[in-house]
Structure formats: C-alpha cells, structure tokens
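> Before I ask anything, here is the structure I am working with.
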Amino acid sequence: MSARDRLAAVLPGAAFVAGVTVIVEIAARLGWLSSYFPPPSRIIAALVRGLANGEIASQVGITLAAFAEGLALAVVLAVALGIVMGAVPIVYDALKTIVELMRPIPSVAMIPLAILFFGLGLPMRVAVITYASFWPLLISTLYGVRAVDPVALDTARNFGVPPLEALWRVVLPAALTSISTGLRVSASIALVVTVTTELVAGDTGLGYYVAQMEQASRLPSMYAAILLTGILGYAVNLVFFALERKVVFWSAAARAAQ
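The opening position of the sequence shown corresponds to residue 1 in our numbering, with each subsequent residue numbered one higher.
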C-alpha cells in the first residue's frame, strides 16, 4: 500500500473525529451539554498539561510496566502450554475440560482473589493481566498447532527429523500466523484489564488516576486520562499489527494480494 493509499484510508476517519470534536466543542460552549462534559479543548489542554508536568506521564509509565509484565508472562505460559496441548493428544484430553471451565470466568472476578494472595501492589495487577490475556493466546496457539498439515509432519518424520526439530522447523512456522493473531488480541485485552484493575483496586496507574480525578471533580483531567487510554490502546494495536506483518510476512503478503 502506497503512502497515498494510506492517507486516503485514514482521512475519512480523521475527518469524522474532527467533525464530532468541533460539534461537541460548540455544544459544550453553548451550554447544550451537561456540565459533566467539558469542551474538548479543555480536555486536550488538561492532557498536554498533565503530560508536561509529569502528573499523567508518570501514571502512563506505571500502567505500561504492569501491562508489559503481565502480557510477557502470559505469552510465555500460553505459547508453551498451547504447543504442548496441541502436539500431545493425551495432554489435550487431560486439560481441555479445565480450560473450557476457566476460560469464561471474567478477569474482573479474579481481582478479589488476586488481592487476597498478592495485596494491592503490582503483583496483583500482573496476576490479573496475565490471567486475562492468557486465554486468547492459548487457544490461538493450540488450534494453530493442531491445524498443522499432517503431510508436512509425515514428510519430516520420513526424512528422520527428530521430534523437537520438527516442532521448531515445521510446527511453529505453520502455527505462527495463528499465534501472532492471538498475541494481538491478548495485547488489547491486557491493556483494558490493566486500566480496569487500576480503576477498581489500584493504588497507582492511569485507572487509579481516573478514579482520583473523578473524586476530586477534576473532570477535564479525568477525560484526558480516558482519552490517553484510548490513544494507548490504538498504538498498542498498531504496534502488534506491524509486528505481525514483519514476523509472519508470508501471511501479510497473502492478505495484501487479496
């Protein structure tokens, strides 16, 4: 996709956002909206001020640190278990019921249990983030491994390729597309759960900052933090999508050709 095509794809969405922002600004200035909805210009000013003086910027660092730790732990655990379950039928049969029972439990419901074990600090948040982002990646890895072409495995076996080498050279490359998609989904979930956990039971971070600003009636700062959370989510999705296109380049080429 050329730069002109990218610009053409972005312009309609950007124009819509700009138009809605102008309408809301005018409506808020004229008093047509509730006082709980400050003009967007005040929200943007609060965001710039909070980033400049470090009030919001420091909370962003805390949120991203918890997000990264929880997601990294989920990646290690989910990919490892997904490969084992996908490659070893007896392990799959033994664990599939437990997976199906645990997977639907909302991550927010695990917050009280995490507080009981870890208190209100960073370990509690990392535990909940890991739990939430673990399941999409596990399922993607599991079915990616199980979907590997049996002919490719038989060919490797006939050529005397050891099982571990076949796993590395045949199974993982074939499952990488599914794994990378699951990673992108898990990353988005991890950020949402990070902020939610901070909002419900945190003592630092963007979610905690939103709650504090609401209690202090500093509504522009509250909305600024919410806006920044959305920007971070969009950026995370772009980063992992770009990573997917770089790592699984054959899949990206196939999508571009369609």
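For every residue, glycine included, the Cβ atom is placed at its ideal position computed from N, Cα and C.
Under 6 Å Cβ to Cβ from L176, same chain only, skipping five residues before and after it: list those, please.
The residues V248, in chain order, have a CB closer than 6 Å to that of L176 in the same chain once the five nearest residues on each side in sequence are set aside.
> Which same chain residues, not among the five before or five after V145, have their C-beta less than 7 Å away from its C-beta?
G82, I83, G86, A87, V171, A175
> Sort I111, G205, G233 by Cα distance to S58 and report the nearest one.
G205
> On the premise that A187 lies in contact with V236, defined as a C-beta separation below 8 Å, what is that separation, rounded to the nearest angstrom?
5 Å
> How many Å lie between G207 and N53 at the Cα?
19 Å
> If you check the beta carbons only, do G70 and T21 fall under 8 Å apart?
no
> Using a Cβ-Cβ cut-off of 7 Å (strictly less than) and excluding sequence neighbours within five positions of A78, which residues of its own chain qualify?
Answer for A78: F134, L137, L138, T141, listed in chain order.
> For Q59, would you say it is in contact with chain C, using Cβ-to-Cβ distances shorter than 8 Å as the test?
As a matter of chain content, chain C is missing from the structure shown, which is built from one protein chain.
> Does the Cβ-Cβ distance between G230 and L191 come in under 8 Å?
no
> Thinking C-beta only, is A66 closer than 8 Å to T194?
yes
> Does the beta-carbon distance from Y209 to P38 come in below 8 Å?
no
> Enumerate in chain order the residues of its own chain whose CB-to-CB distance from M213 is below 7 Å, with the five nearest sequence positions on each side excluded.
S221, M222, A225
> Helix, strand or coil, according to DSSP, for A254 in the structure here?
Note that A254 scores 46 on pLDDT, short of 50, meaning its location in the model is unreliable; the coordinates nonetheless yield the value given after this. DSSP places A254 in helix when its eight states are reduced to three.
> Would you say L73 and L227 are within 8 Å of each other, going by their C-beta atoms?
Their beta carbons are not under 8 Å apart, which means L73 does not touch L227 by this criterion.
> For A211, does the three-state DSSP call read helix, strand or coil?
helix
> Specify the secondary structure class of S41 as computed by DSSP and reduced to three states.
helix
> Distance, Cα to Cα, L167 vs D154?
12 Å
> To the nearest angstrom, report how far apart A80 and Y143 are at their CA atoms.
Straight-line spacing of the CA atoms in A80 and Y143 works out to 13 Å.
> Can you tell me whether R125 is buried or exposed, with buried defined as 16 or more other CB within 10 angstroms of its CB?
Answer is buried; the Cβ neighbour count reaches 16.
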